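Asker: Going by full-length UniProt numbering, the first residue of the sequence shown is number 1, and it counts up by one from there.
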Amino acid sequence: AGHATEEESKLSRTVMRYWTNFARNGNPNGEGLVHWPQYDLDERYLEIDLMQKASKKLKEHKMEFWTQLTKE
1 AGHATEEESK
11 LSRTVMRYWT
21 NFARNGNPNG
31 EGLVHWPQYD
41 LDERYLEIDL
51 MQKASKKLKE
61 HKMEFWTQLT
71 KE
């Protein structure tokens, strides 16, 4: 196994904080963390990478391709 970069170690600690919060109280959010939105009809989600960000409709562009293709 290789050594993790500082960024990867920080990501690991961040993800552990989300999971710990969720295990403790059913909500992954906490102080100092990017808000993890509840998934709903708007299809909001947390993009987990070296930098986290809240986004929505993860595969909308891929679904649009298939929707247009099947209309023909």
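Glycine residues also receive a C-beta, built at the ideal position from the N, C-alpha and C atoms.
Just so you know, these numbers come straight off a predicted model, no measurement behind them.
Less than 8 Å between the CB atoms is what I'm expecting for A54 and P28, so what's the real figure, rounded?
Answerer: About 12 Å; that fails the 8 Å criterion.
Asker: Might you give, ordered along the chain, the residues of its own chain that have their beta carbon closer than 6 Å to the beta carbon of H3, omitting 5 neighbours on each side?
Answerer: Nothing listed; no residue qualifies.
Asker: Name the residue from H35, K57, L50, V34 whose alpha carbon lies nearest to the alpha carbon of R44.
Answerer: Taking only the C-alpha atoms, the option nearest R44 is K57.
Asker: Taking the alpha-carbon positions, what's the S12 to N25 distance?
Answerer: Roughly 20 Å separates the two Cα atoms.
Asker: Counting along the chain, where does the alpha helix (DSSP H) carrying L11 start and finish?
Answerer: Run containing L11: 6 to 25, per the alpha helix (DSSP H) assignment.
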